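Visitor: Those protein sequences? They're chains X and G, same order as listed. Following UniProt numbering, the numbering of the first sequence begins with 1 at its first residue and continues without gaps. Following UniProt numbering, the numbering of the second sequence begins with 1 at its first residue and continues without gaps.
Number of protein chains: 2
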Amino acid sequence: MVTARQIAQLCGVSVATVSRVFNRPATVSAATREHVERVARDLDFSPNEAARALSRQRSTMVGLVWDTDHRRHSWRHPFLQDLLLGLKSALSSRGYHLLMLATSDDSGSRNPGASLADPVAYVSMTRRHHLAGLVLIDSGTDAEAFSAFAHSGLPCVALDVALSGPRATYVTSDNASGAADAVRHLAALGHRRIATITGPHGNVPAAARTDGYLRGLAEAELPFREDLVVTGDFYRESGFAEMRRLLARADPPTAVFAASDEMAVGALLAARAAGCRVPDDVAVVGFDDIEVASLVDPALTTVAQDKRGFGTAAAGALLSMLDSDEVPEPVRLPTKLVVRDSCGSQR
Amino acid sequence: MVTARQIAQLCGVSVATVSRVFNRPATVSAATREHVERVARDLDFSPNEAARALSRQRSTMVGLVWDTDHRRHSWRHPFLQDLLLGLKSALSSRGYHLLMLATSDDSGSRNPGASLADPVAYVSMTRRHHLAGLVLIDSGTDAEAFSAFAHSGLPCVALDVALSGPRATYVTSDNASGAADAVRHLAALGHRRIATITGPHGNVPAAARTDGYLRGLAEAELPFREDLVVTGDFYRESGFAEMRRLLARADPPTAVFAASDEMAVGALLAARAAGCRVPDDVAVVGFDDIEVASLVDPALTTVAQDKRGFGTAAAGALLSMLDSDEVPEPVRLPTKLVVRDSCGSQR
DNA sequence: CTGAAAGCGCTTACAG
DNA sequence: CTGAAAGCGCTTACAG
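(1) In whole angstroms, give me the CA-to-CA distance for Leu-268 (chain X) and Ala-168 (chain X).
(2) Since His-77 (chain G) meets chain X, which of its residues come closer than 8 Å, beta carbon to beta carbon?
(3) With burial defined as no fewer than 16 other Cβ atoms inside 10 Å of the residue's Cβ, what is the status of residue 364 (chain G): buried or exposed?
(4) To which residues of the same chain is Leu-85 (chain X) closer than 8 Å at the C-beta, ignoring the five residues directly before and after it?
(5) Of the choices X:Thr-198, X:Ala-206, X:His-191 and X:Arg-225, whose alpha-carbon is the least far from that of Cys-343 (chain X)?
(6) Out of G:Ser-238, G:Leu-214 and G:Ala-179, which has the shortest C-alpha to C-alpha gap to Pro-200 (chain G)?
(7) Of all Cβ atoms in chain X, is any one closer than 7 Å to the Cβ of Ser-124 (chain G)?
(8) Just the chain G side, please: which residues come within less than 8 Å of Ala-53 (chain X) by C-beta, in chain order?
(9) Compare the C-alpha of Gly-178 (chain G) against each of G:Arg-332, G:Ala-248 and G:Pro-166 and name the closest.
(10) Assuming contact is defined by CB atoms lying nearer than 7 Å, are Ile-197 (chain G) and Met-263 (chain G) in contact in what I supplied?
(11) Which one or two residues does DSSP pair with Arg-332 (chain X) in a beta bridge?
(12) Which residue comes first and which comes last in the beta strand (DSSP E) that contains Ala-202 (chain X)?
(13) Give, in chain order, every unbroken run of the alpha helix (DSSP H) that is at least 4 residues long and sits entirely within the segment 38–99 of chain X.
(14) May I ask you to list the residues that DSSP assigns as paired with Thr-27 (chain G)?
(15) Only counting the same chain, and skipping five residues up and downstream in sequence, which positions put a Cβ closer than 8 Å to that of Val-338 (chain X)?
(16) For Asp-174 (chain X), I'd like the list of residues in its chain whose CB is within less than 6 Å of its CB, leaving aside the five on either flank, ordered along the chain.
(17) With 7 Å as the C-beta to C-beta threshold (strictly closer), list the residues of the segment 165–178 of chain X near chain G in chain order.
(18) The beta strand (DSSP E) spanning Gly-286 (chain G) covers which residue range?
(19) Flag Val-292 (chain X) as yes if its beta-carbon sits less than 7 Å from any beta-carbon of chain G, otherwise no.
(20) Straight-line CA distance for Ser-93 (chain X) to Leu-87 (chain X)?
(21) To the nearest angstrom, how far is the alpha carbon of Arg-209 (chain G) from that of Ala-26 (chain G)?
(22) Spell out a yes or no on whether the segment 53–69 of chain X and the segment 121–133 of chain X are touching, meaning 3 or more CB-CB pairs, one atom from each, closer than 8 Å.
(23) Please work out which residues of its chain come closer than 6 Å, Cβ to Cβ, to Asp-341 (chain X), disregarding the five sequence neighbours upstream and downstream, and give them in chain order.
(24) Compare the C-beta of Val-296 (chain G) with all C-beta atoms of chain X and state if any pair is closer than 7 Å.
(25) Give a yes or no on whether 7 Å exceeds the smallest Cβ distance from Met-1 (chain G) to chain X.
(26) My output table needs one value for Cys-156 (chain X): the three-state DSSP class, helix, strand or coil.
(27) Check whether the Cβ of Lys-307 (chain X) lies closer than 7 Å to any Cβ atom in chain G.
(28) DSSP state of Val-256 (chain G), grouped into three classes?
(29) Flag His-97 (chain G) as yes if its beta-carbon sits less than 7 Å from any beta-carbon of chain X, otherwise no.
(30) According to a CB-to-CB cut-off of less than 7 Å, which residues of the segment 262–293 of chain G neighbour chain X?
(31) Under 8 Å by Cβ, that's how I've got Val-28 (chain G) and Thr-17 (chain G) pegged, so tell me the actual separation to the nearest angstrom.
(32) Rounded to whole angstroms, what's the CA-CA distance from Leu-163 (chain G) to Asp-211 (chain G)? Just pull it up for me.
(33) Counting only beta-carbon atoms, is Arg-209 (chain X) nearer than 7 Å to chain G?
(34) Just reading off the alpha helix (DSSP H) that Ala-270 (chain X) is part of, what are its end residues?
(35) Taking all protein chains shown into account, do 16 or more other C-beta atoms lie within 10 angstroms of the C-beta of Leu-246 (chain G), making it buried, or fewer, making it exposed?
(36) What separation, rounded to the nearest whole angstrom, lies between the Cα atoms of Val-15 (chain G) and Asp-42 (chain G)?
Here it is, written out as structure tokens:
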């Protein structure tokens, strides 16, 4: 590998000058700068990252904290691929790379009480690698553990969980508006008994979607009925179970807003199992717009999140913290109601 | 951050000894080893990775080459999340981390002729970070570009593409057997005119699945008919288009083996659009067992790949190359036929 | 605008 | 078994 020293010798300058050409080009005379740049390009030189990180005490890597060994064994992010895509392309435009952090705990056994694989190990990992910043993906119950990161002073941006700290912010969808849109849409179709299957307690997006449900109801001038709010956990099985219970009631709802597509799919299956037609007997609307939404039968009407935008926004917030000391405001991504067949408005 | 020097001073030994305790514990006397270990643990010391990488000329990171800015804008891996999960947990058990490589090209514009974002840039990235090895995810057309990596001498393991080089190997599913299983299953159900919608030309798994189709036919003593083999590209649209054409024929097939679930879903939609009932009028079997397979209507019979096993096997192959000079044989993961409704055997 | 020098925190022959 | 020393390849005050 060609080193700065070699470039320096070839150009008849010191390594310090070569370094300056790459780090503070303005402080180098145009002539020598161009000379160094040309030679460096010809020899395909680029500074060794390990050496650079060592001397600057900061690498060009951003850590990704993604807890994969969660108690909920089947935990899956609804749109990890898009997220990574967005993160990667936004980060790479500024020369940063994503390091998927893993602790030895990830490999297997763990004491089942812990919510995130040893946050201390992650924080130490972070220092060892001189990471420039951290992106935190919430798996639903890591919120508390995340504060260890937020308080480490490192630039942090969390996804879908409110994070605060000296250099921490977060990005989330405008969950309340999205949910309100869904409910208003159902109300406009004539539904008066609109139930909701919420996400788990303590989850930020879940709470916001429930708020949005209430707001949508109020905006449509529909009364709030406590018994129409049932609690799920974002996963399909809970959607199935809660829907079954709702349909077994004496006065079942005529429409259901599920706070995730997974639950909405579960609800669809429960309706089918109960011999209940969707949307004729009961309308269903979901949230997320994951791939299956358009494939289930009937195709699911849902509130789409800007999946790739999540990654882009997270990267943007992180990058801005890397250049300045200002902490960006939390980002709230707009959502979009995607009308398909399960709500009945297409008939 | 606590450094080896501090530990050394506290223990009254040299930094060299501290280093040895962590790297060649056998060369240190039991007494001093234990002393150093205890102090290090108490102070939560762990060696700085940048310094270590610099002096050893090798980091504890494994690069992930995942081309996200492909010409095929909508390129998606069918099970990236499971793959990453498997990779991460297997790698972390040995202290390695995954670095998602990105070149500046990833951010946007690229000359449309290139099949992988500047492989040269990736290779240089690899050296700059002193990566220990590389995992290559094929997006279907990167095979050629991958050889640049394979010949760099760095330990490489590719997924779903045959890679050879001084220290390169690959992992793939046993695509031929899986396809043969699917075809034999259809034949056992009485089908005699079994068509296949293949993957794209030049793609390794696609070719193997076509081979398996032929083998299955032969094993069921069914004649091969060239006109029953049509070419898709693994994506839904091609499945839709090819299925439509197949069904429009004078003597349409009674069963179709699609070389991917995405295409099988497309085929299902085409059948529905053509007023053709599945499985009554035509049976469909897919390949992959992605999440939607169980959700489409009718639920898709398919050949399941060991998604997480891909990651685990890739990590295993890489790790073994990291400790020894032997190059592991290519890994061929077993597949499993998952019988649901679209093949008609459940009736 | 540029160079010499110190320093980032490890690892590893080389002596002893 | 252990230490002193050189070296990994950069960056950055400090002089000039």
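Positions of the beta carbon are idealized from the N, C-alpha and C atoms, including for glycine. Please read these numbers as outputs of a predicted model, since none were measured by experiment.
Guide: Considering the structure as presented:
(1) 39 Å
(2) Gln-81
(3) What the structure shows of chain G is the stretch from 1 to 347, and residue 364 (chain G) is not part of that stretch, so it cannot be assessed.
(4) Arg-308 and Gly-311
(5) X:His-191
(6) G:Ser-238
(7) yes
(8) Ala-50
(9) G:Arg-332
(10) yes
(11) X:Thr-172
(12) A quick correction: the sequence has Gly, not Ala, at residue 202 (chain X). Counting along the chain, Gly-202 (chain X) falls outside any beta strand (DSSP E), and DSSP gives it neither H nor E.
(13) 49–56 and 80–92
(14) Answer by DSSP bridge pairing: none, since Thr-27 (chain G) is not bridged.
(15) Asp-289, Ala-293, Thr-301, Thr-302, Val-303 and Ala-304
(16) Arg-332, Pro-334 and Thr-335
(17) none
(18) 283–288
(19) yes
(20) 10 Å
(21) 51 Å
(22) yes
(23) Pro-298 and Ala-299
(24) yes
(25) yes
(26) strand
(27) no
(28) strand
(29) yes
(30) Val-265, Glu-291 and Val-292
(31) 6 Å
(32) 20 Å
(33) no
(34) 261–273
(35) buried
(36) 17 Å
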